[in-house]
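Per mature numbering (1 follows the signal peptide of the UniProt record, and there is no 0), the sequence shown runs over residues -22 to -1, 1 to 145.
The beta-carbon is built from N, C-alpha and C at its ideal position, and this holds for glycine as well.
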Amino acid sequence: MIRRAALFILTCVTLMPLQVAAQGSLKVATQNMRLAFELCLRNYRTPQDMPFAFSSTGFTLGKGLDEGVTEFTAPGVSGVFKAGYCMMQTTDVPLAIAEEMGQRTAETLFPGKVTLGNPERNINQPVAPCDGLSIFATQMLIRVTYSAAGNSGDCLNDGTSAIAIKM
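Written as structure tokens, this is what we have:
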């Protein structure tokens, strides 16, 4: 059983594209942000596999300041992950592009299980900007929210973006 799980993880990671380094900053940052987003979602039930998944696709890893937190970087993107949480940010990808990329990637990985916004929102009201996604994954609700890069968490269209995933 353990061998099968290890083989499955290795196969998934091997088939994923490696981080992109030698193209325009918007394209590079978008592709590396998408890859980080995908790695977090693919490993939502196996957080112990995240360090290998990130390092084997070319991300640089470092120990975070808090216990159990790992920092990662790749050209154009940086972030952190720990059990139950991932966050990635970039100064090169505008918020609208990050939101579109996040929705497309989530719908590819979890077909038919993605809805816009918070699951407790009033369905008669439009989804608020940056309200993100709800992914009704097996045995778990995954919440994805968007903001400008930095520590504020504000929904600003300043040319930067951040994605937070609560699993």
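| DSSP-derived helix/strand/coil call for residue 144 | As a working mapping, residue 144 is identified with position 166 in the sequence shown. Residue state, collapsed to three classes: strand.
| Taking buried to mean at least 16 other C-beta atoms within 10 Å of its own C-beta, is residue 68 buried or exposed? | Your numbering for residue 68 matches position 90 in the sequence shown. If you draw a 10 Å sphere on the C-beta of residue 68, you find 16 or more other C-beta atoms in it, and that means buried.
| request: Could you check the C-alpha separation between residue 109 and residue 35 for me, to the nearest Å? | output: Mapped onto the sequence shown, residue 109 falls at position 131. Mapped onto the sequence shown, residue 35 falls at position 57. Here the C-alpha atom of residue 109 lies approximately 29 Å from the C-alpha atom of residue 35.
| said: Spatial neighbours of residue 93 within its chain, please: C-beta separation below 6 Å, excluding the five flanking residues on both sides. | reply: By 1-based counting over the sequence shown, the position of residue 93 is 115. Within the same chain, residue 93 has close Cβ partners 112.
| Taking just the CA atoms, how far does residue 41 sit from residue 90? | Here residue 90 corresponds to residue number 112 of the sequence shown, with the count starting at 1. Here residue 41 corresponds to residue number 63 of the sequence shown, with the count starting at 1. One C-alpha to the other measures close to 36 Å.
| message | Suppose you measure from the CA of residue 53 to the CA of residue 102; what does that come to, to the nearest Å? | response | On the sequence shown, residue 53 is found 75 positions in, with the first residue counted as 1. On the sequence shown, residue 102 is found 124 positions in, with the first residue counted as 1. Taking the straight line from one Cα to the other gives about 41 Å.
| query | For residue 120, which beta-bridge partners are listed by DSSP? | reply | Translated into the one-based positions of the sequence shown, residue 120 becomes position 142. Beta-bridge annotation (DSSP): residue 120 is paired with 113.
| request: Go ahead and pull the three-state DSSP assignment for residue 80. | output: Numbered from its first residue, the sequence shown carries residue 80 at position 102. In the structure shown, residue 80 sits in a helix (DSSP, three-state: H, G or I).
| query | Quick one, which of 127, 44 and 50 has its alpha-carbon nearest residue 32's? | reply | Along the sequence shown, read from residue 1 onward, the residue named residue 32 stands at position 54. Here the closest residue by C-alpha is 50.
| request: Might you give, ordered along the chain, the residues of its own chain that have their beta carbon closer than 7 Å to the beta carbon of residue 22, omitting 5 neighbours on each side? | output: By 1-based counting over the sequence shown, the position of residue 22 is 44. Result list for residue 22: 115, 118, 120 and 145, in chain order.
| task | Evaluate residue 26 with the Cβ neighbour count: other Cβ atoms within 10 Å of its Cβ, from every protein chain shown; 16 or more gives buried, anything less gives exposed. | result | On the sequence shown, residue 26 is found 48 positions in, with the first residue counted as 1. With fewer than 16 other Cβ atoms within 10 Å, it is exposed.
| query | If you run the structure through DSSP and keep just helix, strand and coil, what is residue 85? | reply | Here residue 85 corresponds to residue number 107 of the sequence shown, with the count starting at 1. Here residue 85 carries a helix assignment [DSSP, helix/strand/coil].
| task | Verify whether the separation of the beta carbon atoms of residue 55 and residue 11 is less than 8 Å. | result | Within the sequence shown, residue 55 is the residue found at index 77, counting from 1. Within the sequence shown, residue 11 is the residue found at index 33, counting from 1. Yes, the pair counts as a contact, with Cβ atoms nearer than the cut-off.
| said: Tell me the rounded alpha-carbon separation between residue 58 and residue 88. | reply: As a position in the sequence shown, residue 58 is number 80, starting the count at 1. As a position in the sequence shown, residue 88 is number 110, starting the count at 1. Between residue 58 and residue 88, the alpha-carbon positions lie close to 23 Å from each other.
| What is the rounded straight-line gap between the Cα of residue 20 and the Cα of residue 80? | Within the sequence shown, numbered from 1, the residue matching residue 20 stands at position 42. Within the sequence shown, numbered from 1, the residue matching residue 80 stands at position 102. Cα-Cα distance, rounded: 13 Å.
| field | Three-way DSSP call (helix, strand, coil) for residue 28 in this model | value | In the sequence shown, counting from the first residue as 1, residue 28 sits at position 50. Note: residue 28 maps to helix in three-state DSSP.
| message | Looking at the secondary structure, which residues open and close the beta strand (DSSP E) in which residue 68 lies? | response | Looking up residue 68 in the sequence shown gives position 90. Residues 63 to 68.
| The alpha helix (DSSP H) with residue 6 in it runs from where to where? | By one-based count along the sequence shown, residue 6 stands at place 28. Its alpha helix (DSSP H) spans residues 3 to 20.
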